[in-house]
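To start, the structure itself, in structure tokens.
As structure tokens, then:
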């Protein structure tokens, strides 16, 4: 089991024209309505793991916005967002497809 949260990916949206972007996980099963935590499944073994935006990233979000019937968390552009595997899981060696929807946002 992974004893603590583990960085597995980093998302950075670089832009000179927009100041914020919306992001939410979409691969697998969403664990909350904001799309900040979701379950992804190993491509070969079929074992699921739970991933989410890091606490550090979540502390930097702006007010959630509704768009197209879904809640989106908004972040500043040009600031990296860490995606982590949640602690306490058995993570088998595998390929875990991870997809995040990203939209430009003008407050």
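Numbering (the UniProt record's numbering), first residue to last: 1 to 107. Cβ coordinates follow ideal geometry from the N, Cα and C atoms, glycine included.
Legend entry - First and last residue of the uninterrupted alpha helix (DSSP H) at residue 73: Boundaries for residue 73: no alpha helix (DSSP H) harbours it, while the beta strand (DSSP E) harbouring it runs 70-76, taken from the DSSP string.
Inset, instruction - May I have the straight-line CA-CA distance separating residue 66 from residue 91, to the nearest angstrom? - result: Here the alpha carbons of residue 91 and residue 66 stand approximately 33 angstroms from one another.
Legend entry - Which residues DSSP lists as bridging residue 101, in chain order: 24
Inset, instruction - Would you list the residues sitting across from residue 7 in a DSSP beta bridge? - result: Answer is 84.
Legend entry - For residue 65, the residue or residues it bridges with in DSSP: 72
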